[in-house]
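J.:
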Amino acid sequence: MKRRTAVFMLFVLLCSLFTGCSQKEGQITIGIGQFAEHGSLDNCREGFLAGLKEAGYVEGENLKVLYDNAQADGGMAAQIANEYVSKKVDLICSIATPMAQSAFGAAKNSDIPIIFTAVTDPVLAELAKEDKTPSGNITGTSDKLPVKEQLEMIRAILPDAKKIGILYSTSEINSVSAIEEYKAAAADYGFEIVIKGITAAADIPLAADSLLESVDCISNLTDSTVVSSLPIILSKAANKNTPVFGSEVEQVKIGCLAAMGLDYYDLGIQTGKMAAKVLKGEAKAADLSFETIEAAAFYGNTAVADNLGINLPDNLVSSAKEMFSEITE
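Structure (structure tokens):
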């Protein structure tokens with residue numbers, strides 16, 4: 230009898246231990262899949278969690294967060310998405326276009342809502358329709374680049390420049406879309422666009438060398454693969470005394486001359502608030518049109534300008550959202 234009692238007490242103890250380690254009652258579980266590791270996407274993730282917190286979802290309290298980074302690998306992105314679906318998370322946040330496409334494919338036969346962010350062209354990525362309505366149980370925010378404003382800025386800083394180089398990953402639809410916009414608008418500002426495609430990060434050093442031989446400057450996109458290797462491009466461009474323009478604030482911090490770009494932390498906050506609406510049952514992802522960030526802003530780096538012997542126009546500097554006087558490694 231005593232033995233049976235001891236076994237029973239052990240069973241109760243084990244059950245209590247497992248219960249203590251399991252998800253808290255009323256806790257929401259979300260999966261955050263990030264395609265690559267670099268400053269802008271990291272800021273997006275941090276902003277997303279801040280947006281959720283503003284809406285009442287606090288990690289470690291009523292929110293459990295599963296975070297995974299695909300390291301710019303499409304196969305790994307698919308694995309991460311499938312894992313979230315198998316774990317039946319309450320919501321998936323997908324950061325960057327390839328991650329969003331993987332999550333959408335993995336969750337198609339489930340009722341898990343997907344909120345994406347840092348997706349340049351949701352329509353071209355087949356995540357939304359032409360009228361911005363979702364293609365399924367998916368919505369989010371776009372980091373569509375202000376291409377015309379960027380070209381206008383480059384012309385103001387480099388009045389004699391003729392050729393702008395763009396390095397991009399041929400597998401990233403967002404980059405293909407942005408390049409088409411650049412090509413369509415370039416002539417209006419007296420530029421020719423020279424492109425160089427890569428299929429993997431290992432291609433970047435040679436591609437950058439080739440591109441730098443034929444252009445007056447480089448304009449960087451939000452291409453996850455390229456941005457992950459941006460320090461390599463910046464180093465090679467510096468050796469050629471060639472300016473590199475960024476597409477958001479983090480790129481300017483680490484050595485791009487300037488950008489008419491986005492603040493990805495703000496974009497993340499906007500996305501987090503959208504996710505909160507879905508989690509609270511105030512809206513369904515399938516009923517929410519994707520959103521874009523309201524306005525671009527000028528960011529400049531005077532340390533880079535000094536190294537290149539370039540004077541940034543006073544009107545741009547005075548209107549800047551933020552200026553940097555050093556290069557962050």
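Residue numbering for the sequence shown follows this note's numbering, starting at 230 and increasing by one per position. From the three backbone atoms N, C-alpha and C, an ideal C-beta is built for every residue, glycine too.
Run through DSSP, which three-state label would K392 get?
T.: Strand.
J.: Measure the alpha-carbon distance for A505 versus E275 and round it to whole angstroms.
T.: Distance between the alpha carbons of A505 and E275: 15 Å.
J.: Determine which residues share a DSSP beta bridge with S371 and list them.
T.: Answer is T521, bridged to S371.
J.: In three-state DSSP terms, what is F247?
T.: Below a pLDDT of 50, predicted positions are generally treated as unreliable, and F247, at 44, falls in that range; no measurement from the model is reported.
J.: Does DSSP put R233 in a helix, in a strand, or in coil?
T.: Reliability of the predicted coordinates at R233 is poor, the pLDDT of 47 falling under 50, and the value obtained from them is presented with this limitation in mind. If DSSP states are grouped into helix, strand and coil, R233 belongs with the helices.
J.: Using a 10 Å radius around the Cβ and a threshold of 16 neighbouring Cβ atoms, would you call K317 buried or exposed?
T.: The residue is exposed, with fewer than 16 neighbouring Cβ atoms inside 10 Å.
J.: On the DSSP letters alone, give me the boundaries of the alpha helix (DSSP H) that L463 sits inside.
T.: Counting along the chain, the alpha helix (DSSP H) containing L463 begins and ends at L459 to N468.
J.: Run the CB neighbour count on G304, radius 10 Å, all protein chains shown included, and call it buried at 16 or more, exposed below.
T.: By the 10 Å Cβ count, G304 comes out exposed.
J.: Return the residue from the list A437, I427, I402 and D445 that minimises the CA-CA distance to F420.
T.: Looking at the Cα atoms, D445 is the closest of the given residues.
J.: Tell me whether S554 is buried or exposed, calling it buried when 16 or more other Cβ atoms sit within 10 Å of its Cβ.
T.: Counting Cβ neighbours within 10 Å, S554 comes out exposed, since fewer than 16 surround it.
J.: In terms of DSSP beta bridges, what is T346 paired with?
T.: Answer is I324.
J.: Just reading off the alpha helix (DSSP H) that Q499 is part of, what are its end residues?
T.: Unbroken alpha helix (DSSP H) run through Q499: Y493 to L508.
J.: In the DSSP output, what is M552 paired with across the bridge?
T.: Answer is G529.
J.: When DSSP labels each residue in this structure, what does L242 get in the three-state scheme?
T.: Residue placement at L242 cannot be trusted, given a pLDDT of 45 that sits under 50; the coordinates are not used to answer.
J.: Looking at C-beta atoms only, is the number of pairs between the stretch 516–523 and the stretch 474–487 that lie closer than 8 Å three or more?
T.: Judged by Cβ distances under 8 Å, the stretch 516–523 makes no contact with the stretch 474–487, as fewer than three pairs qualify.
J.: Per DSSP, which one or two residues make a beta bridge with D262?
T.: One point to set straight first is that residue 262 is Gly, not Asp, in the sequence displayed. Paired residues: D297 and S323.
J.: Check whether the Cβ atoms of V348 and S371 sit closer than 9 Å, and answer yes or no.
T.: Result yes, Cβ atoms of V348 and S371 sit closer than 9 Å.
J.: Please say whether I427 and T451 have beta carbons closer to each other than 9 Å?
T.: No, the Cβ-Cβ distance between T451 and I427 is not below 9 Å.
J.: So for P590, helix, strand or coil by DSSP?
T.: Since the first residue of the chain shown is 230 and the last is 558, residue 590 is not available in this structure.
J.: If you follow the beta strand (DSSP E) that E421 is part of, which residue opens it and which one closes it?
T.: That run of the beta strand (DSSP E) goes E421 to I427.
J.: Can you tell which of M503, A301, A336 and A488 has its C-alpha closest to the C-alpha of E312?
T.: Comparing Cα-Cα distances from E312 to each of M503, A301, A336 and A488, the minimum goes to A336.
J.: Would you tell me roughly how many angstroms separate the C-alpha atoms of F264 and S404, rounded to the nearest one?
T.: Looking at the two C-alpha atoms, the distance is approximately 14 Å.
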